[in-house]
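*Asks:* Residues 36 to 201 (the numbering used here) make up the sequence shown, in order.
What follows is a structure written as structure tokens; I'll ask about it next.
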Amino acid sequence: MSTRSLLRRRRARGRGAALAEFVIAVVPLLATSFAFLQLTKVQTAKLLLGHAAVCAARTAAVSSNVHANNPGARPGDAALPQRAADMALAPWIAARSFDDVVVDVADASSDADPSGPVTVTVTASVACAVPMMGRVLCRGPRKLLRATATMPHQGARYEEPEGASR
Numbered sequence: 036m037s038t039r040s041l042l043r044r045r046r047a048r049g050r051g052a053a054l055a056e057f058v059i060a061v062v063p064l065l066a067t068s069f070a071f072l073q074l075t076k077v078q079t080a081k082l083l084l085g086h087a088a089v090c091a092a093r094t095a096a097v098s099s100n101v102h103a104n105n106p107g108a109r110p111g112d113a114a115l116p117q118r119a120a121d122m123a124l125a126p127w128i129a130a131r132s133f134d135d136v137v138v139d140v141a142d143a144s145s146d147a148d149p150s151g152p153v154t155v156t157v158t159a160s161v162a163c164a165v166p167m168m169g170r171v172l173c174r175g176p177r178k179l180l181r182a183t184a185t186m187p188h189q190g191a192r193y194e195e196p197e198g199a200s201r
């Protein structure tokens with residue numbers, strides 16, 4: 036047998052081994068890449084939900100009138116925190132990444148403490164759609180996320196001077 040044929044056989048065996056090693060190595064690499072991608076999407080969603088909670092808390096701090104200590108409040112202002120959270124998440128809601136966005140407002144202000152805290156909790160479910168790892172990391176097709184923000188009540192507490200006209 037010549038040296039040339041021995042070299043050809045070694046190269047052919049080497050090509051087969053390289054292909055097998057590639058197939059064995061690519062699956063864990065893809066799984067790891069998809070896991071990082073899904074974790075990135077979930078962390079981004081948490082940041083956005085926190086931003087939506089702050090927007091809703093800022094709105095509720097000015098418009099909340101649960102304890103009738105905000106004379107500047109108008110009827111229909113109770114829906115403003117929900118609308119603020121929806122607007123903060125609008126691109127993601129339109130892309131169907133966020134569903135079931137629920138805003139809960141807890142106003143602890145009173146006549147004795149008109150600047151009491153207003154706490155807003157925003158809850159939403161996030162789509163986990165990354166192949167291979169979405170359902171593994173989220174334990175299902177969707178993950179429920181929650182964010183909370185607190186601000187002091189800043190409702191308009193202005194008293195009109197005697198004889199002032201509007």
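Cβ coordinates follow ideal geometry from the N, Cα and C atoms, glycine included.
According to the Cβ coordinates, are valine 62 and valine 161 closer than 8 Å?
*Replies:* No, the Cβ-Cβ distance between valine 62 and valine 161 is not below 8 Å.
*Asks:* Alanine 120 and valine 136 look like a contact to me (Cβ under 8 Å); what is the Cβ gap, rounded to whole Å?
*Replies:* That pair is a contact at about 6 Å.
*Asks:* Can you give the Cα-Cα distance for tryptophan 127 and alanine 52, rounded to whole angstroms?
*Replies:* Roughly 46 Å separates the two Cα atoms.
*Asks:* DSSP three-state label for methionine 122, please.
*Replies:* Three-state result, methionine 122: helix.
*Asks:* On the three-state DSSP scale, how would you describe serine 98?
*Replies:* In this structure, serine 98 counts as helix in the three-state DSSP scheme.
*Asks:* Pull up the DSSP beta-bridge partners for serine 160, would you.
*Replies:* BP columns for serine 160 point to Asp134 and Leu179.
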